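Everything on this sheet refers to the single structure shown next.
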Amino acid sequence: MIEKIWLYPPLAFARLGPSPEPCENYRYGDSDLSPRGTGKTVVLPEPSLHVAENGTLTETRPQGNRVRFKDPEDPEDPENSAKLFRPVCPFFEVHGTWTIDGQPDSGAITTEVLDAFNLTPGNVRWTVEVANLKAHHCTGALGDRIEAKAEILGNQHTRHPLRGRSPQGAAQRLVPQGQHVPLGSIQIPRPSAAFPQLRLRFTPAAGLVYGPTNLLQRTDRYPLPAERLILSPNSPWCSFTGAGDPRTVPGGLFAGASEAVDGGVSFGLVDDVCDGLVTVEVGGLTAHARVVVTPPDFAPDRRPFTSLADGLTDRVRRAEAQDPAYVSGDPQMTALEVRDLFERVLEAMDAVNVDAQNDRAGLMNMGRNPSEAQAEQARARMFPVPEALEGVTLPLTERGRRKHRRFVALEVLEDMIREQPDLIRRFIRNPDTQPGPFDRRMPVAVRGSDGFPMHLTRRQYDLLVAWANSLQATVEEGT
């Protein structure tokens with residue numbers, strides 16, 4: 004019998020894109036940390052699966068080391084060929100544990116496993132429920148929800164659209180009767196001898212914006228085509244102001260939020276992002292996974308220094324970094340974890356205009372109508388503008404990248420910690436510090452979602468401190 008099932012991955016990110024061709028599969032390779040290397044993350048193509056209209060799966064292997072994130076230009080018509088972003092379309096695969104003839108086994112559930120229990124793909128039921136709740140989050144109105152649901156069996160291989168509608172029976176529905184916001188589609192690949200696994204592919208929407216039918220009478224700032232002016236102007240979302248509402252912080256979260264320019268009233272625009280639940284039922288068992296739709300990644304070879312994985316690890320494994328045995332038990336593993344963090348710091352530096360962020364943070368420190376003394380004090384907290392280098396447009400950014408590039412060499416970083424015992428505490432912002440003005444502590448001038456200076460997770464910071472302390476413990480006194 005099949006004893007347990009789960010979906011892999013349990014959480015996947017799809018990325019919007021209007022191209023009909025999905026983005027190819029790729030993975031991160033070893034960073035180029037040689038003395039004359041770039042110090043950047045290497046992106047390597049991987050075999051990619053393609054799903055035909057009838058569900059047939061084929062595999063391609065990219066030639067060379069190039070990954071396309073946009074459609075190539077048409078060489079015969081370069082002026083009219085649109086370089087469209089390719090969507091990222093994740094697969095969900097059914098895994099489980101089972102016993103056949105007394106032999107336990109686990110892995111991807113295939114048609115062969117189904118046969119052993121007198122099941123077929125037609126006995127597999129998939130349900131996908133997604134929603135765009137941005138407007139509902141602000142107004143709290145039931146009619147401002149945009150939801151879609153699809154239920155299909157494992158032997159139905161045509162593509163099923165996810166049509167976003169407001170709930171039936173809700174007053175003042177944002178999406179009126181007879182209209183829908185496309186939220187993507189799902190498709191069940193046809194199992195074969197080469198690909199016998201049970202999969203579902205999620206394809207996100209194109210990345211379009213939709214507005215109320217009277218949008219062009221209210222503003223000329225968003226000239227949407229007529230076919231996307233489908234929403235009800237009588238919905239609460241089209242008159243939402245957000246004045247004093249903490250759900251609209253930081254400011255500018257919706258079109259019309261600017262009081263000076265737009266009067267502070269929502270224009271009623273929504274996009275086609277969503278997130279939701281993928282459910283599969285096999286042999287009386289049920290498994291769930293999450294899917295989240297996001298914009299295209301404009302810097303796919305630049306990882307954030309604090310990722311979603313860091314946030315989840317901080318929640319479930321924070322205490323381990325505070326245990327001295329964690330570092331002393333496997334110092335090499337801890338050192339590699341620290342180096343990975345500083346590699347990502349360098350990559351983030353490559354994606355940030357530090358000069359502009361430094362200026363912005365200084366202005367935020369000043370507040371409104373500062374005195375000359377307050378303005379001077381606010382500027383002093385941030386980095387002074389360095390002397391320009393010949394041929395360098397962003398001198399502060401360039402200097403920061405040069406310094407951070409040294410830190411990915413673990414030996415250099417270790418020596419700095421040994422020579423300056425308080426380096427971490429002086430230059431890296433402590434998560435326990437009360438929110439205050441921006442300053443020169445790392446990460447410099449980066450704003451968190453709460454509008455205050457950003458910081459590492461508690462676990463990341465504790466790990467750095469514990470690692471630095473372990474290095475100090477090996478320093479000979481007087482050397």
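Using the numbering used here, the letters of the sequence shown map in sequence onto residues 4 to 482.
Built from N, CA and C at the ideal position, the CB exists for glycine as well.
Bear in mind that the values here come from a model prediction, so they are computed numbers and not experimental data.
The DSSP assignment places complete alpha helix (DSSP H) segments of no fewer than 4 residues inside the stretch 132 to 175 at 137 to 142, in order along the chain. The stretch 198 to 227 is shown to contain whole beta strand (DSSP E) runs of 3 or more residues at 202 to 206 and 212 to 215, in chain order. Its chain contains L426 as the residues whose beta carbon lies nearer than 7 Å to that of M419, once the 5 sequence neighbours on both sides are disregarded; these appear in chain order. Counted as a single uninterrupted DSSP element, the beta strand (DSSP E) harbouring I8 occupies residues I5 to Y11. For F308, the three-state secondary structure derived from DSSP is coil. Apart from sequence neighbours up to five positions away, the residues of its chain that approach K152 with a beta-carbon distance below 6 Å are E132, ordered along the chain. Secondary structure at M336: helix, using DSSP grouped into helix, strand and coil.
R193 and G58 do touch by the CB rule: their CB atoms are close to 4 Å apart, below 8 Å. Counting the other CB atoms within 10 Å of its CB gives V116 a total of 16 or more, which places it among the buried residues.
In the displayed model, P48 falls within a strand according to three-state DSSP. Setting aside the 5 residues that flank it on each side, V395 is surrounded in the same chain by E401, each with a C-beta closer than 6 Å to its C-beta; the list follows chain order. For A119, the uninterrupted alpha helix (DSSP H) run begins and ends at T114 to A119, by DSSP. Selection P389, G271, V46 and L156 evaluated against T216 yields G271 as nearest (Cα-Cα). Fully enclosed beta strand (DSSP E) runs of no fewer than 3 residues occupy 278 to 285 and 288 to 297 of the stretch 275 to 304, in order along the chain. Nearest in C-alpha terms to M352, of all of L256, V411 and P434, is V411.
In this structure, V281 lies away from V296, with their beta-carbon atoms at least 8 Å apart.
DSSP places S242 in no beta strand (DSSP E); its state is neither H nor E. In the DSSP annotation of this structure, the continuous segment of the beta strand (DSSP E) that includes P185 starts and ends at V184 to Q190. Secondary structure at M352: helix, using DSSP grouped into helix, strand and coil. Of the candidates E56, R162, Y213 and R204, the residue whose Cα lies closest to the Cα of Q182 is Y213. With the rule of 3 Cβ pairs closer than 8 Å, the stretch 302 to 318 does not count as touching the stretch 239 to 249. Taking C-beta separations shorter than 7 Å and ignoring five residues to either side along the sequence, the partners of A138 in its chain run D147, L177, W240 and V273, following chain order.
Listed in chain order, the non-local C-beta contacts of H98 below 6 Å within the same chain comprise W9, Y11 and A111, local neighbours out to five positions each way being set aside.
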